[in-house]
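Counting with my numbering, you get residues -2 to 342 for the letters of the sequence shown. Shown next, in structure tokens, is the structure this report addresses.
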Amino acid sequence: AAAPEGGGPLTVALGAAAAIACVGSWLFGYFGACINIPLSCIGNTFGLCANTLPLFVVTMNDFGGLWGAVCAGTAAEALGRSGALRLSLLICASGAALCGTATDVGVFAAGRLMTGLGSGLASMLVPLYVGELAPPSMRARLAVTSRAAFVIGQVSALSAGTLIKSAAHNGAQAMALGSLEMFWWRPIFMLAAGLAASSLAMSSLGTTPETAQWLARRGRIAAAARTLRQTRGVSHIDADNEARACAEAESSATAGSTTLVDILRNPKYRRLVLTGIGLSAFQALSGANSLVFFTATIFKDVGVAAPELAALATGAANLLGCITALFLTERLGRRALLMGSFGGM
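Put into structure tokens, the structure is as follows:
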């Protein structure tokens, strides 16, 4: 749908809203990577064998993420972009708290299902929310920031796992407490629960206003204009004009709505859609996600002396690639970077 074209530099309100929203992307990356370091310890805590460990610890999060992504569109339309984001943060906080306090594998699996559901919702909602809230001149940069938050979340999870495990090991030795294998990994999840809950509280205080597009589509022109004034710093007159233009654009888009079947019937658009789906599928099927879940285990199995540090280095390399893309996208173009990255994979 078309967006209002106004807006100048980044405002405090827009920056705050984008930052809170990007916590959702951060959580999506964090929950994927947070089991990398403590995977075997979690299995030992709940008495899981090597065959069932991935099912309860890894797959439940992915399964929840699948359904979260599928339901994101419905939630965004029913609750609004901001309301759906708050729902995702609530689910993430609840799921992480369940994982961090679980006393049996059933509760832990339910927690992982919830973290997947919440972060899966966020993975689809954050780009939508930020894209609608930001002016066109800043949309691309904020979209890349959302992606960077995802990678930073992965690195944060690996860093937290490495530091907490080292601190627990050293503390147990110094205090002659024996093994802390049953407990040391729990703060990794409680850290995410605290951040998600804090972000939810800040969002509930009005730092993430509803987007003008969603408000205008429902005839709430005054509220849409207020959002534009708040996030883009435009005048009352410009905000009113943009809100009305947004309502007209949304009305036209709804009247001439196109289904996925219609798009696939058009050879021009069918090629673009299938290419995009194919690239995403290739990335997923390449096995790159296994580095998110099992890096430390893989390095340990091949005899690396410090598998946690090796896993952290892998995450840092991923972050470096993301930062590099920030600076090279406009210079080299999307296609050149895409070909280079897939060639490397």
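The beta-carbon is built from N, C-alpha and C at its ideal position, and this holds for glycine as well.
Through-space distance from residue j to residue i, alpha-carbon basis
{"i": "Arg136", "j": "Phe53", "result": "38 Å"}
{"i": "Ala119", "j": "Ala73", "result": "10 Å"}
{"i": "Gly4", "j": "Leu225", "result": "In this prediction, Gly4 scores a pLDDT of 49, lower than 50, which makes its location untrustworthy; the coordinate-derived value is nonetheless stated afterwards. Those two C-alpha atoms are separated by around 8 Å."}
{"i": "Arg332", "j": "Phe279", "result": "16 Å"}
{"i": "Leu11", "j": "Asp101", "result": "42 Å"}
{"i": "Gly117", "j": "Arg83", "result": "13 Å"}
{"i": "Ala99", "j": "Ile39", "result": "11 Å"}
{"i": "Arg328", "j": "Ser22", "result": "26 Å"}
{"i": "Ala190", "j": "Trp64", "result": "21 Å"}
{"i": "His166", "j": "Pro304", "result": "15 Å"}
{"i": "Thr311", "j": "Asn238", "result": "49 Å"}
{"i": "Leu76", "j": "Gly62", "result": "19 Å"}
{"i": "Gly97", "j": "Lys265", "result": "49 Å"}
{"i": "Ala47", "j": "Ala302", "result": "22 Å"}
{"i": "Leu202", "j": "Leu95", "result": "25 Å"}
{"i": "Val9", "j": "Leu269", "result": "37 Å"}
{"i": "Thr256", "j": "Gly273", "result": "17 Å"}
{"i": "Ala81", "j": "Ala194", "result": "15 Å"}
{"i": "Trp182", "j": "Ser163", "result": "11 Å"}
{"i": "Met336", "j": "Asn315", "result": "17 Å"}
{"i": "Ile17", "j": "Thr292", "result": "29 Å"}
{"i": "Asn263", "j": "Thr71", "result": "26 Å"}
{"i": "Ala198", "j": "Arg223", "result": "22 Å"}
{"i": "Leu271", "j": "Gly300", "result": "41 Å"}
{"i": "Phe180", "j": "Gly340", "result": "42 Å"}
Cβ pair residue i, residue j closer than 9 Å
{"i": "Gly115", "j": "Ile149", "result": "no"}
{"i": "Met111", "j": "Ala69", "result": "no"}
{"i": "Ser37", "j": "Thr294", "result": "yes"}
{"i": "Met342", "j": "Ala281", "result": "no"}
{"i": "Leu7", "j": "Leu86", "result": "no"}
{"i": "Ala145", "j": "Ile320", "result": "yes"}
{"i": "Leu309", "j": "Val55", "result": "no"}
{"i": "Ser196", "j": "Val67", "result": "no"}
{"i": "Gly318", "j": "Ser287", "result": "no"}
{"i": "Ile161", "j": "Pro133", "result": "no"}
Cutoff 6 Å; reference residue i; Cβ partners in own chain excluding five residues on either side
{"i": "Ser154", "result": "The residue asked about is misnamed: residue 154 is Ala in this sequence, not Ser. Tyr27, Ala30, Cys31."}
{"i": "Ala106", "result": "Phe53, Met57"}
{"i": "Ala139", "result": "Here residue 139 turns out to be Leu, not Ala, going by the sequence shown. Once the five neighbours on either side are set aside, the close Cβ partners of Leu139 are Ala15, Val127, Ala131."}
{"i": "Thr49", "result": "none"}
{"i": "Ala13", "result": "Thr204"}
{"i": "Val258", "result": "none"}
Anticipated Cβ contact below 8 Å, residue i with residue j, distance rounded
{"i": "Ala307", "j": "Phe290", "result": "Between Phe290 and Ala307 the Cβ distance is about 15 Å, and since that is not below 8 Å, they are no contact."}
{"i": "Phe60", "j": "Gly113", "result": "6 Å"}
{"i": "Leu93", "j": "Gly103", "result": "Residue 93 is actually Ala in this sequence, not Leu. Their Cβ separation, rounded to whole angstroms, is 17 Å, which puts Ala93 and Gly103 out of contact at 8 Å."}
{"i": "Pro35", "j": "Gly158", "result": "6 Å"}
{"i": "Glu129", "j": "Gln227", "result": "Contact flag wrong, Cβ pair sits at about 14 Å."}
{"i": "Arg267", "j": "Leu261", "result": "5 Å"}
8 Å Cβ shell around residue i - same chain, five flanking residues per side excluded
{"i": "Leu334", "result": "Ala322, Leu325, Thr326"}
{"i": "Ser79", "result": "Tyr126, Ser200, Thr205, Pro206, Glu207, Thr208"}
{"i": "Ala244", "result": "Ala213, Arg214, Gly216, Ile218, Ala221"}
{"i": "Gly44", "result": "Val102"}
{"i": "Gly330", "result": "none"}
{"i": "Asp298", "result": "none"}
Closer than 8 Å: residue i CB and nearest the ligand ATP heavy atom
{"i": "Ala72", "result": "Although the ligand ATP was asked about, the structure shown includes no ligands whatsoever."}
Close beta carbons around residue i, own chain, < 7 Å, minus the five adjacent residues each side
{"i": "Pro124", "result": "Ala140, Ser143"}
{"i": "Leu188", "result": "Ala157"}
{"i": "Ser283", "result": "Met342"}
{"i": "Pro1", "result": "Bear in mind that a pLDDT of 45 at Pro1, under 50, signals an unreliable position, so the model cannot answer this."}
{"i": "Leu192", "result": "Val20"}
{"i": "Ala313", "result": "Val152"}
{"i": "His233", "result": "Arg226"}
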